[in-house]
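Asks: Starting off with a structure, shown below.
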Amino acid sequence: MAESTMQKIVSLAKRRGFIFQSSEIYGGLKACYDYGPLGVELKRNIKEAWWNDMVHKRSDIVGLDCSIIMHPDVWKASGHLAGFSDPLVDCRNCKERFRADKAPRATPGEKVTYREGGRRDGKKLEGVVPEAGYVCPVCGSGDLSPERQFNLMFRTSLGSVDPMQEILNAVDDMAKLDPAARKEKLAGIINASAVYLRPETAQGMFVNFLNILNSSRVKPPFGVAQTGKSYRNEITTQNLTFRTCEFEQMEMEFFVEPGTDDEWYDYWSKERFNWYISLGMKKDRLRLRPHEQKELAHYAKACVDVEYFYPFENPEGEGEWGELEGIANRTDYDLKKHSEFSGKDLSYFETETKRRYTPYVIEPAAGADRATLAFLCDAFDEEVVDKEKNDVRTVLRFHPRIAPVKVAVFPLVKRDGMPEKARDIMKELLAEGINSFYDETAAIGRRYRRQDEAGTPWCVTVDTDTLENGTVTVRERDSMEQSRVPAAGIADYFRNRLKNS
Ligand code: GAP
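Counted from 1, the sequence shown has number 408 at position 408 by the working numbering; the numbering is strictly sequential.
This is how it looks when you write it as structure tokens:
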């Protein structure tokens with residue numbers, strides 16, 4: 001069977017060093033990934049583009065970098081301890097554990113057929129769709145456990161006391177207690193040192209609201225931006241880095257005067273949609289999808305997702321809309337909750353009008369890993385160069401701003417001083433901060449194709465003319481056209497091309 005687009009992307013990502021399975025030599029760890037030499041550059045470039053466009057190019061947004069472990073009360077106030085959960089269901093037939101809200105819908109009472117144990121050679125069984133109105137996403141069975149809520153936060157403990165050891169030490173004493181007292185004792189041991197890995201970076205911005213107001217000369221409307229790791233114990237992980245338990249977010253909380261929030265919400269929805277296009281993402285694979293009322297998070301007045309059409313495989317074929325980023329109107333929910341729980345007044349006093357108010361928050365919340373995956377999928381192309389010769393090239397058409405390597409430098413042959421000249425050019429480019437790569441192995445055509453696969457926008461070749469008239473060949477990744485450019489000032493040439501791309 002022919003490889004699907006996603007299979008080709010996954011295999012290219014591994015072969016060329018974009019994304020590897022974590023701990024692969026030990027058999028891998030489910031839904032954990034590592035970024036290889038090209039992948040780490042791509043992801044860093046995306047995060048840097050975000051930081052530049054959201055913080056450095058604006059006078060109304062400042063940055064922040066918070067700790068991943070925060071005071072446990074933060075999560076009580078934010079509602080994450082009580083409500084950040086997914087409905088979990090077990091399939092009694094194939095033992096798959098899945099999220100009820102993501103399961104394939106079906107009419108209660110309708111007949112279903114499935115294979116025993118979910119195995120292809122398993123006995124054919126018949127059943128019905130349960131009252132809940134969905135079936136197992138893997139085997140199609142309706143023989144399911146009841147739904148139970150599963151909190152997505154990773155719990156750990158802070159301090160020199162290991163709660164598991166404490167529990168083991170107390171096991172014998174606990175046996176003498178009645179069930180209620182035993183539960184209380186256990187909860188006491190666990191809660192004494194329980195802390196959580198943050199499930200979103202956003203709360204760091206809310207709990208530092210006063211610090212930022214008092215230390216920086218900001219006043220609404222202003223934003224606080226942060227990039228960093230977040231953790232969620234996701235029930236179903238899928239599609240490479242799309243949904244993982246450890247991921248990186250790029251979030252910005254924009255504090256505005258109540259009453260102006262709808263306007264800012266529209267502004268940020270458009271800005272964020274256009275940001276992906278400014279980095280070369282195809283417009284017809286992007287859309288803005290407003291949330292229906294029933295989808296809204298407990299804190300949100302409105303929310304719209306920037307979605308990308310990922311080439312994921314599904315029962316209907318190839319391609320599926322998936323969230324890249326959400327833009328939410330979080331109202332004054334978070335600041336008010338943290339005021340209530342911490343006892344600190346998190347309102348803003350406007351000196352000009354002598355008015356005090358709690359700002360509303362518009363939050364564009366993006367995922368660095370999802371963006372990296374979307375840019376990788378979007379850049380992937382197989383171009384027929386010569387139909388008769390069956391010559392197809394694989395090319396990653398990254399925008400030069402996010403391309404991992406900007407310029408590859410080659411000597412045409414490994415003699416006549418060409419390697420030395422090519423290495424000098426590469427050093428000059430590196431010294432100017434233009435990420436470059438030197439390659440002298442294989443035929444020149446083969447070397448161009450290797451760089452197409454890595455998404456390098458330009459190749460420079462040193463040849464006999466270079467030695468005679470001081471010019472080099474510049475080869476364009478997208479058009480494959482070649483032109484001659486003076487070797488002197490090559491760093492300025494590429495700096496300008498990067499700036500104007
Ligand atoms: N502060 C709001 C918030 O965290 P979210 O929609 O849950 O909102 C924001 O997350 C973004 O973080 C998502 O649009 C997505 O890009 C990324 N994200 C969330 N969960 C993820 C996961 N399990 N794996 C990878 N990225 C994830």
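The C-beta atom is built at its ideal place from N, Cα and C for all residues, glycine as well.
Since this is a predicted model, take the numbers as computed values, not measurements.
(1) Could you check what DSSP says for residue 107 in three-state terms: helix, strand or coil?
(2) Quick check: does the Cβ of residue 358 come within less than 7 Å of any heavy atom belonging to the ligand GAP?
(3) Near residue 289, what residues of its chain come up, given a Cβ to Cβ distance below 6 Å and the 5 sequence neighbours on each side ignored?
(4) Would you list the one or two residues that DSSP bridges to residue 411?
(5) Is the Cβ-Cβ distance between residue 88 and residue 105 less than 8 Å?
(6) Specify the secondary structure class of residue 351 as computed by DSSP and reduced to three states.
(7) Helix, strand or coil: how does DSSP classify residue 24 here?
(8) Between residue 286 and the ligand GAP, is the CB less than 7 Å from at least one heavy atom?
(9) To the nearest angstrom, report how far apart residue 91 and residue 251 are at their CA atoms.
(10) Do residue 253 and residue 325 have their CB atoms nearer than 8 Å?
(11) With distances taken Cα to Cα, identify the nearest neighbour of residue 234 among 97, 367, 361 and 129.
(12) I'd like to know if the region 40–56 and the region 394–409 are in contact, where contact means that at least 3 CB-CB pairs between them fall below 8 Å.
(13) Spatial neighbours of residue 358 within its chain, please: CB distance less than 8 Å, with the 5 preceding and 5 following residues excluded, ordered by chain position.
(14) Step through the CB atoms of chain C and report whether any lies within less than 8 Å of the CB of residue 480.
(15) Quick check: is any heavy atom of the ligand GAP less than 7 Å from the C-beta of residue 244?
(16) Hey, quick one: how far does the beta strand (DSSP E) through residue 331 stretch, first residue to last?
(17) For residue 334, verify whether its CB is less than 7 Å away from any heavy atom of the ligand GAP.
(18) Kindly indicate the opening and closing residues of the alpha helix (DSSP H) around residue 362.
(19) Measure the beta-carbon distance from residue 277 to residue 283 and round it to whole angstroms, keeping in mind my assumption that it falls under 8 Å.
(20) Tell me the DSSP bridge mates of residue 314?
(21) Taking three-plus beta-carbon pairs below 8 Å as touching, is the region 131–145 in contact with the region 172–180?
(22) Is the CB-CB distance between residue 74 and residue 207 below 8 Å?
(23) Among 429, 71 and 474, which residue has its Cα nearest to the Cα of residue 444?
(24) What do you reckon, is the C-beta of residue 369 under 7 Å from a heavy atom of the ligand GAP?
(25) Can you give, in chain order, each stretch of the beta strand (DSSP E) that sits fully within the region 114–184 and has at least 3 residues?
(26) Cα separation between residue 127 and residue 319?
(27) Would the beta-carbon of residue 321 fall within 8 Å of that of residue 53?
(28) Compute the distance between the beta-carbons of residue 33 and residue 22, then report whether it is under 8 Å.
(29) Taking just the CA atoms, how far does residue 142 sit from residue 108?
(30) How far does the beta strand (DSSP E) with residue 252 in it reach, from first residue to last?
(31) Given a cut-off of 8 Å on the beta-carbon distance, is the pair residue 150 and residue 101 in contact?
(32) Where DSSP assigns a beta bridge to residue 242, which residues make up the other side?
(33) Identify every residue that forms a DSSP beta bridge with residue 305.
(34) Cβ of residue 158 within 7 Å of any heavy atom in the ligand GAP?
(35) Give the straight-line distance between the Cα atoms of residue 192 and residue 203, rounded to the nearest whole angstrom.
(36) I need the DSSP call for residue 524, collapsed to helix, strand or coil.
Replies: Here's the rundown:
(1) coil
(2) no
(3) 305 and 307
(4) 462
(5) no
(6) coil
(7) helix
(8) no
(9) 36 Å
(10) no
(11) 97
(12) yes
(13) 258, 332, 335, 336, 339, 346, 347 and 348
(14) Absent from the structure: chain C. Only one protein chain is present.
(15) yes
(16) 317–331
(17) no
(18) First-last for residue 362: 360–367, but that is the beta strand (DSSP E), not the alpha helix (DSSP H).
(19) 6 Å
(20) 317
(21) no
(22) yes
(23) 474
(24) yes
(25) 124–128, 148–151 and 155–157
(26) 30 Å
(27) no
(28) yes
(29) 9 Å
(30) 246–256
(31) no
(32) DSSP, once it has assigned bridges, lists no residue as partnering residue 242.
(33) 289 and 326
(34) no
(35) 22 Å
(36) Here the chain has residues from 1 to 501 only, and residue 524 is not among them.
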